[in-house]
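The structure under discussion appears below in the form of structure tokens.
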Amino acid sequence: MSPSYPEAYFPILLQVGLAVLVAGGVLVTSHLLGRRVRNKTKDSPYECGITPVGDARGRFSVKFYLVAVLFILFDVEVVFLFPWAVVFRELGLFGFFSMLLYMALILAGFFFVWKKGVLDWAKRGR
Amino acid sequence: MHPITTVHYLFLSAALLLVGTIGVLTRRNIVVILMSIELILNAVNINLIAFSRQLGNVNGQVFAIFVITDAAAEAAVGLGILIALFRNKETVNADEVDILKW
Amino acid sequence: MPDSAQILRLLPEILLSVFGTLIMVLDPLTGRNRKALLGVLALVGAYCAWIGALVSYANPGPAFGGMVTVDGFATFFRLLVCAIGFLTVLASMSYLERNELPQGEYYALVLFGVAGQSLMAVSGELVLIFLGLEISSISTYILAGFLREDAKSNEASLKYFFLGSFATAFFLYGVALTYGATGSTKLVVIRQAMEGKDANVVLAVIAGALMFVGLAFKVSAAPFQVWTPDVYQGAPSPVTAYLSTGPKAAAFAIFLRIFFTTVPQTGVMWGWLLWTCALLSMTIGNFAALVQTDIKRMLAYSSIAHAGYVLVAFTSCTPIGAAAAMFYLAAYAFMNLGAFTVVSHLSGRREQYVAIDHYAGLGRRRPFLAALLTIFLLSLVGIPLTGGFFGKFYIFRAAVNADLLWLAVLGLLNSAVAAYYYLKVIVVMYMQEPKEEVTIEPVPATLAATLVLAAGAVFFLGVYPGPVLDFATRSASFSRQ
Chain P
1 MSPSYPEAYF PILLQVGLAV LVAGGVLVTS HLLGRRVRNK TKDSPYECGI TPVGDARGRF
61 SVKFYLVAVL FILFDVEVVF LFPWAVVFRE LGLFGFFSML LYMALILAGF FFVWKKGVLD
121 WAKRGR
Chain E
127 MHPITTVHYL FLSAALLLVG TIGVLTRRNI VVILMSIELI LNAVNINLIA FSRQLGNVNG
187 QVFAIFVITD AAAEAAVGLG ILIALFRNKE TVNADEVDIL KW
Chain L
229 MPDSAQILRL LPEILLSVFG TLIMVLDPLT GRNRKALLGV LALVGAYCAW IGALVSYANP
289 GPAFGGMVTV DGFATFFRLL VCAIGFLTVL ASMSYLERNE LPQGEYYALV LFGVAGQSLM
349 AVSGELVLIF LGLEISSIST YILAGFLRED AKSNEASLKY FFLGSFATAF FLYGVALTYG
409 ATGSTKLVVI RQAMEGKDAN VVLAVIAGAL MFVGLAFKVS AAPFQVWTPD VYQGAPSPVT
469 AYLSTGPKAA AFAIFLRIFF TTVPQTGVMW GWLLWTCALL SMTIGNFAAL VQTDIKRMLA
529 YSSIAHAGYV LVAFTSCTPI GAAAAMFYLA AYAFMNLGAF TVVSHLSGRR EQYVAIDHYA
589 GLGRRRPFLA ALLTIFLLSL VGIPLTGGFF GKFYIFRAAV NADLLWLAVL GLLNSAVAAY
649 YYLKVIVVMY MQEPKEEVTI EPVPATLAAT LVLAAGAVFF LGVYPGPVLD FATRSASFSR
709 Q
């Protein structure tokens, strides 16, 4: 390990210190200076300014979940596009058609999901 | 000057492997077990990227992309199995899944 | 850009993927009562892939920068897994119909799984091996839980998923360390690095150990076998037939290829480990199978024992041992597939009749099924005239030739123990009166065809093992340049 090892981390230490200072400072100042008003609206959880609906631990329909998982899958498939895009020109036509084939496979998957009615929110009993 | 060497990454990744393994072996919640397995896969990724940098070839990085894809596919299937189980048994605890002798 | 010769070397995998995707796309478009057509399509796909494996062997060699190597070894396992896929589809058709299961997904998953296994057999590179392993594993996780309403099937699927992905993660960690230690993921380059002393030996040994653990999980070798009985018992019977043959054969294929290609003196460093694993697997499998009352669970323990026999062949660390292991895997695939197919038919709706007691009086009530099950069980025992006999014979001969006399003797004792529980089933079938009413449906044509094909293969390997063994012996020497 080089002698300058701790030195290399000094900026990070500085950053951590600054973050703690600012965050703590804001909390402490507002605690000392702010007026305290307590009513029902103030005590309720913050949901982007809308009146909260129901319990935060409520259950969601499994549909949301299914769509979320599908989103992840289709999302991750795009990861292969990035390295491909970087060397797109060097790969030429072969690379282009390979990617076209890959996208066709993803589309086949999407077609399956669609036709199986996974995206059909209104239908029940699937 | 590189104060952080490959060995540092190897230790980080070994620690993640350890945390993941302990998680798989000791936790009861199935979702947490799943997360532990993902942790091991990420340990693999850290290794791959570190070696890729050390060796100066990109094979490791490409491999890491495949591992990420695989992790996503695995998680999707695992959660799907979990939902099927939950519909029948109403539990996400691994030690309550015991019709078949373990 | 790869030329057509290179693409031709990947023909079986391409065909399997195309047919799998085609089934997946056509599934929502076919009417409810025409789903059997998808099964026919899957059969055509598996058959085409089998032919494709032969076609690509006509022009062997590496492709895609050495990632893929078409050689005799790869072709042997490609033909085997394609045949297993074909028989699995054929055996599953009536089962799916009876249990009202979705068919399109099932056939597509089987074909994708076979594509993964075929890829494992042919790849000479760790990334591709990992991808094949995962394609095969993920599709089998889903298949294990295919009886969605059945809590046992859910449980089997969950356990298979967790232990399977845990094992894959370990294997993968080993692969990453290998890459770091040798600078490559190509098996041949890894070997050169190991011989050329520019590899990091400590890392390589840790990597080898991790990969060994991962693969031992996959082939259900002791002490990593705990998941096997539960998964095999809970999964739908045709899926169990597939799980215990296809993915296992492919896992043994990469096991053989990785360890025979990369590790310089296999015998010296890994010998004792393989020795212990082989003995433990045989003993645990056979003795636990003795006390089982559920036939699926019994066959699951027996499959652990059979993994042990194959490991005996590994332990010899010679090309003859590798050839014996290959021959054994082929023989085992057909007899186990046949036995589980009979079990899947007799299990009835929702797998109600899976206790050994339910088989009482079968010899009188269904002579055809009983006779075929007897053939498969006798082959599993290793009686002459069946494939199981020559499989065991070659394995123990390879062990004796490699100075592993003790292991061979212990293995033979184990087979003697195993004979007890296989013969017990035959005794129950022919000599006991049924205690409770068991409904047996008539045998559908597809199922009968599966059984006859499997029994034919078992007899062929038992009476005329020459061609298959010759092919295995010729392909068991791996390219080491």
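Chains as they are written, first to last, in this note's numbering: chain P, 1 to 126; chain E, 127 to 228; chain L, 229 to 709. Glycine included, C-beta positions come from ideal geometry on N, C-alpha and C.
Inter-residue spacing [alpha-carbon to alpha-carbon] between residue i and residue j
i	j	result
L/Val696	L/Lys620	15 Å
E/Leu208	E/Ala198	15 Å
L/Val669	L/Val540	Residue 669 of chain L is actually Glu in this sequence, not Val. Computed Cα separation, rounded: 41 Å.
L/Leu359	P/Val26	51 Å
E/Ala202	L/Val459	20 Å
P/Tyr9	E/Thr131	14 Å
L/Met530	L/Leu651	For the sequence presented, residue 530 of chain L should be read as Ser rather than Met. Straight-line Cα distance between these residues: approximately 13 Å.
E/Ser162	E/Gly149	5 Å
P/Val113	P/Leu119	7 Å
L/Arg376	P/Asn39	50 Å
E/Arg213	E/Ile156	14 Å
L/Ala683	L/Phe604	7 Å
E/Gln187	E/Ser178	6 Å
P/Thr41	P/Thr29	23 Å
L/Ile623	E/Val184	43 Å
L/Leu244	L/Tyr275	9 Å
Own chain, CB closer than 7 Å to residue i, minus 5 neighbours either side, in chain order
i	result
L/Leu590	Leu597, Ala598 and Met657
L/Val628	Ala636
L/Gly495	Only weak support exists for where L/Gly495 lies, its pLDDT of 49 falling under 50; the value from the coordinates is given anyway. Once the five neighbours on either side are set aside, the close Cβ partners of L/Gly495 are Cys545.
L/Ser284	Leu236, Arg237, Leu239, Pro240 and Val298
L/Leu431	Leu405, Gly408 and Ala409
L/Ala435	Gly402, Leu405, Thr406 and Ala409
L/Val447	Lys476, Ala479, Phe480, Phe483 and Ala535
L/Leu502	Leu539, Phe542 and Thr543
L/Leu271	Phe314, Val317 and Leu318
Expected contact under 8 Å - CB spacing of residue i and residue j to nearest Å
i	j	result
L/Ala551	L/Phe305	With 8 Å as the limit, L/Ala551 and L/Phe305 do not qualify as a contact, their Cβ atoms being about 13 Å apart.
L/Val686	L/Ser607	5 Å
L/Tyr335	L/Val317	6 Å
L/Ala437	L/Thr569	The Cβ separation is near 38 Å, so there is no contact.
L/Leu337	L/Leu371	5 Å
Cross-chain neighbours of residue i in chain P, by beta carbon under 9 Å
i	result
L/Thr258	Within 9 Å Cβ-Cβ: nothing; L/Thr258 doesn't reach chain P, min ~11 Å.
Within chain L, the residues that residue i reaches when beta carbons sit closer than 7 Å
i	result
P/Lys116	Pro256
P/Leu105	Thr249
Distance CB(residue i)-CB(residue j) smaller than 8 Å
i	j	result
L/Gly536	L/Gly513	yes
L/Phe688	L/Gly300	no
E/Asn168	E/Leu142	yes
L/Gln453	L/Ser385	no
L/Ala533	L/Ala449	no
L/Ser465	L/Tyr323	yes
L/Val582	L/Asp522	yes
P/Phe111	L/Val246	no
L/Leu565	L/Leu315	yes
L/Arg525	L/Pro612	no
L/Val355	E/Phe192	yes
L/Gly768	L/Ile312	This structure leaves residue 768 of chain L out entirely; chain L is present only between 229 and 709.
L/Leu600	L/Leu679	yes
L/Gly615	L/Ala528	no
L/Phe617	L/Phe555	no
Cross-chain neighbours of residue i in chain P, by beta carbon under 8 Å
i	result
E/Val188	Pro83
L/Val253	Ala108, Phe111 and Phe112
Neighbourhood of residue i by C-beta, 6 Å cutoff - its chain only, sequence neighbours within 5 removed
i	result
L/Ala506	Gly536, Leu539, Val540 and Thr543
E/Asn219	Arg154
L/Lys263	Gln331
Within chain L, partners of residue i - CB distance below 8 Å
i	result
E/Asn219	None at all; the shortest Cβ gap to chain L is about 12 Å.
P/Leu70	Within 8 Å Cβ-Cβ: nothing; P/Leu70 doesn't reach chain L, min ~15 Å.
Proximal residues of chain B, C-beta to C-beta of residue i below 7 Å
i	result
P/Val76	Although the question refers to chain B, the structure presented lacks it and instead comprises the protein chains P, E and L.
Amino acids of chain P, ordered along the chain, whose beta-carbon sits closer than 7 Å to that of residue i
i	result
E/Ala202	Val69, Ile72 and Leu73
E/Leu205	Val69
Cβ neighbours of residue i in the same chain (closer than 8 Å, five flanking residues each side left out)
i	result
P/Val87	Gly95
E/Ala140	Ala169
Chain E contact residues for residue i, given Cβ-Cβ distances below 7 Å
i	result
L/Val355	Phe189 and Phe192
Within chain E, partners of residue i - CB distance below 8 Å
i	result
L/Glu362	Asp196, Ala199 and Glu200
Neighbouring residues, chain E, relative to residue i (Cβ below 9 Å)
i	result
L/Thr413	Asn185, Gly186 and Phe189
L/Glu328	The contacting residues do not exist; L/Glu328 stays about 16 Å from chain E at best.
L/Tyr407	Asn173, Leu174, Phe177, Ser178, Leu181, Asn185, Gly186 and Phe189
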